[in-house]
Structures are given as C-alpha cells and as structure tokens.
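Residue numbers for the sequence shown, in numbering that gives the first Met the number 0: 0 to 448.
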Amino acid sequence: MPPRQAWPAVPTTNGHRQPAYQAYTARNLHQIPQLRGRSSEDLLAMRAVAAVLPFRTNSYVVEQLIDWDDLEHDPIYRLTFPSPGMLRPDDLERMVKLIRDDASPAAIAAEAHDIRRRLNPHPSGQLVLNVPEVEGHLLGGLQHKYHETVLFFPGPGQICHAFCTYCFRWAQFVGEPDLKLSCNDPGVLCGYLREHPEVTDVLVTGGDPMVMRTDVLARFLEPLLAIGSVRTIRIGTKAVAYWPHRFLSDPDADALSRLFERVVHSGRQLAIMAHYSHPRELAPDAAREAVRRIRATGASVYVQAPLIRGINDRPDIWAELWRTALDLGAIPYYMLVERDTGPREYFEVPLADCWSIFRAAYSRVSGLGRTARGPVMSATPGKVAVDGITEIAGTKVFLLHYIQARDPELVNRPFFATFDAEATWFDQLSPAFDNDRHFFESAGEPSAR
Ligand SMILES: *Cc1c(COP(=O)(O)O)cnc(C)c1O
Ligand code: SF4
C-alpha cells in the first residue's frame, strides 16, 4: 500500500475527517502529481485512449489505492488509467496522430465516434431488448429483463467517482446522446411498478447512483416505499471503493444513513451491491468503515465484480476479497465474466481460465464465503454460470446453467457446450448435444423479446 496521506482536518458530525476531493479527467490529467516525469509520448497515448473511452479518476483513488512504486503491476492503476493496449494499434495510431497534429475537436470526435461504433457499445441488445414499452413508447432508463427484477437508471446517477477501464456501460459516459439509458422522473418507474406487481426487486444502477446527493437519491427511493409489491431495493455502486467518504464524511453522509434506515424500517431489504475489483480497495480504514456504517443502517452489502486480466485474474486475489468481505459482514455475490464490449480484447480471460480461478478461490474460503457464484456471463438470453469442465461420452464439455433467464423455463437446468479453451463469451460456444440446442437458441436474437 502507498503511505497514507495526511488529510486536512475538517471535522464533521460523525468524527471522520473529510479529505480533499479532486476529480481528474483527460482535461487535467497532466495535473496529477504522480504523473509528473512521464514522457510526452506516454501522456499522448493516454489522451488518445481517453478521447475514445471514458476516463475519470479522483485524488482518493490516486493517493490511497494506487501503488505508484509498482505501476507495472498495479491493479488499480490498470483499473482506472488508460493503457495504450485498450485500443487496436491502428486506431491508437490514428488518434495519436490527430491529437499530436492539433486536429479540430470535431475531427477528433468523428474519429472517436467511428472507433466506438466498432467496439460493440451496447452488448446483449440492452438498448432494444429489455426496455419496457407502455402504450407504444419505450420507457428509457428502465430495463426489465427478468420476471422479478427491474433495473432503473436515474438520470443524475449516470456518472461515477472514477471510471473503470473495463466498464461495460462505457458508452453511457462518452457523451453520445443516442447511446444513453437514463430517466429523470421517478414517476415513470413507479407507474411501471404499479402495472407490474410481479416485480419484487428494483435495482437502482448507473453509472453510480451514489454520486447523487442524498436529497436527490431520496427523490427516487422514497416513492418506492409506497409500492407494496416492491420488497427489495438494491443500489449498485462503486463509491464504496472509489469514494468511501460518501458514506462517512460528505456533508450529507449522515442524511444518507437516515435514508437507508427509512428504507429498512419500511420492512424492505436494502442491499448495497458493492463493486469491488480487488481487495486493495478495502485496505484503507475509510473503505472498511464505510461498509460498517452501511451495515449499521440495517442495509446488507453484497460484493461483486468482473474477472479482468491484469487486475484480478488470480485466485488469491478473489479469496482475499471474499475473506475481507466476510470480516466486514458483507456477502460474496457474483464473479462476472468481462462482457463483449469496449476494450474487451485487452481485458478478457478465457472461460476455462475463469472457471479454474473461481474454483481455486472458492475452495480457499469457508462455507460462509461460498455464497459467491461464478464465473457468470450476463449474456443476451440470461445469466449463464460456468459450472465446470468435464468429459461426457468421450466429448470434452463445459457444464453450464442459467442463474437468470429471459425464459424462466431455462433456469437452473444443466446443459453442455463443446469445450473450447479459447472461448471468452457465450456466443463463441455451441451446444455439445442435441438436447442442449434450445439453451442457445435465443442468444443474440433481437426477436426474442
Ligand atoms: C443480474 C441482473 C439482474 C439481477 O439478477 P439477480 O440474479 O437477481 O442478481 C437483473 N437484471 C439484469 C438485466 C441483470 O443483468
Ligand atoms: S463503476 Fe460501474 S458503471 Fe462506473 S465505470 Fe465502473 S463498471 Fe462502469
């Protein structure tokens, strides 16, 4: 760990000290003190990547999470800073040239747009497939893919305290208006839920809903408490890792705890779906304290992340993450497979390796940690878990099952795909036997709505 910085002492109501917060984007990248001394070539390549894919980090991530003495292997640097390998070499070269030649912003934007179109910005048809329709118009900002759960994307929550380089929702953050999922009106969500009493779970997501001020978040959460069919409210967030002071010493941190308590006291479960990519994110005292404080409100904390090459592609990393979570009373949840979008070639890990990593990590935690599920692909037809690699009637196969499926009939039935050591995503797999065909049929078919 880097040495802990001295924080300016700004006393707050709960006794935690509020460190200074500075956001960094492509615009003020050169002001990051730790980047001084980098060659201009290096900085140029970073800018070129950041012209295409979202880049944002902050002083807490830079000072508390990254070990600047070992950047070559630093998982959090790789998690938040652009690497040249994230673009294909020819794309990188063209972008570097444009920036070096001081091309017009319009020319840079046009090139960026072009590159993005080739990076499968909306995997699993999420803009067309799962968006509910009411009286002929689409409810943007909502996704209803699985019977009991609706995803909601509140407008002011469509940004994060830092962006993950591997982000599967990266297209939301690059300012292309046609590539956005968001809704500013809690009434739209509530109207939909009243029409759909089968929906018990609302998952508020983004971006990161925890970038919203407490009063803004309350505008979205409180109306849900009047809808009896909603039993669980989940909030997907990475603020626990990227800015834990949100829960401790931000001016409205106390109000946030009270909001969480109101949800819990309404008789519902409030689950904070905490995105932790690496145990390093739980090393600072503030990060652990944030989990304790959330739990003290009666909310539960679930831990999940994708498995990413060069960030968390070793079993010891996951075992430590899950053990640390358990120490804090948080619950290991999904180990996801990197999705088929953005700089996936730079970050992806073959499914066969994902499975070995999962198995080794799983075997190193006690039964209470074996709530972890994975590796899981969130693919077009549903959430597919890779349960094993085995041989059946002389054929080497993957054993798979759906944890969630658009077609509930498919859930929790074992099926098989022909083994492929290189495959990294569901669409690269094929049914091993005749019986397995229908588990693959709805994959990638926009008509399967
Ligand atoms: C993962 C996911 C959910 C939640 O699934 P759980 O198994 O209940 O955690 C809901 N909707 C979508 C689109 C998802 O990807
Ligand atoms: S926190 Fe989530 S939405 Fe935000 S950049 Fe990371 S993966 Fe994307």
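Ideal placement from N, C-alpha and C gives every residue a C-beta, glycine not left out. This one's a predicted model, so the numbers in the text were calculated from it and none came from an experiment.
Please name the residue or residues paired with residue i in a DSSP beta bridge.
i	result
Cys-182	Pro-153
Glu-92	Beta-bridge pairing links Glu-92 to no other residue.
Leu-335	Pro-305, Val-375
Gly-205	According to DSSP, which records beta bridges pairwise, Gly-205 is partnered with nothing at all.
Pro-430	Ala-416
Tyr-145	Thr-148
Lys-395	Glu-390
Leu-70	BP columns for Leu-70 are empty, so no partner.
Lys-382	Ser-377, Gln-403
Asp-200	Thr-148, Thr-231
Ala-22	Asn-57
Ser-299	Ala-270
Ile-226	Partner(s): none; Ile-226 has no beta bridge.
Mapping the DSSP letters down to three states, classify residue i as helix, strand or coil.
i	result
Ile-316	helix
Ile-75	helix
His-112	helix
Thr-340	coil
Glu-62	helix
Leu-138	coil
Val-9	Here Val-9 scores only 38 on pLDDT, less than 50, and its place in the model is too uncertain to base an answer on.
Pro-445	Below a pLDDT of 50, predicted positions are generally treated as unreliable, and Pro-445, at 43, falls in that range; the measurement from the model is reported next regardless. Coil, per DSSP.
Asp-101	coil
Pro-1	Low confidence applies to Pro-1: its pLDDT is 45, below 50, so where it sits in the model is not reliable enough to give any reading.
Ser-38	coil
Val-187	helix
Val-348	coil
Val-51	helix
Val-215	helix
Ile-330	strand
Val-410	strand
Ile-158	coil
Pro-120	coil
Val-210	helix
Leu-43	helix
Asp-435	helix
Thr-423	coil
Phe-167	coil
Arg-322	helix
Arg-363	coil
Ser-355	helix
Phe-80	coil
Leu-128	coil
Taking 7 Å as the cut-off, is the C-beta of residue i nearer than that to any heavy atom in ligand 2?
i	result
Phe-162	yes
Arg-338	no
Lys-519	There is simply no residue 519 to check, as the chain begins at 0 and stops at 448 in what is shown.
Leu-144	In the sequence as presented, Leu is not what sits at residue 144; that position holds Lys. Flag unset: Cβ of Lys-144 not near ligand 2.
Gly-205	yes
Cys-182	no
Arg-245	no
His-112	no
Cys-189	no
Ser-274	Contrary to the premise, residue 274 reads as His rather than Ser in this sequence. Yes, ligand 2 has a heavy atom inside 7 Å of this Cβ.
Arg-168	yes
Cys-452	Residue 452 falls outside the range modelled here, since the chain spans only 0 to 448, and no answer is possible.
Can residue i be considered in contact with ligand 1, in the sense that its beta carbon sits closer than 7 Å to one or more heavy atoms?
i	result
Leu-150	yes
Gln-403	yes
Tyr-23	no
Lys-395	no
Asn-57	no
Lys-382	yes
Ser-299	no
Asn-119	no
Ser-228	no
Asn-311	no
Asn-129	yes
Leu-202	yes
Ser-248	no
Ser-377	yes
Unbroken stretches of the beta strand (DSSP E), 3 residues or longer, contained in the stretch 233-295: For secondary structure counted as the beta strand (DSSP E) over 3 or more consecutive residues, the stretch 233-295 holds these complete runs in sequence order: 268-274.
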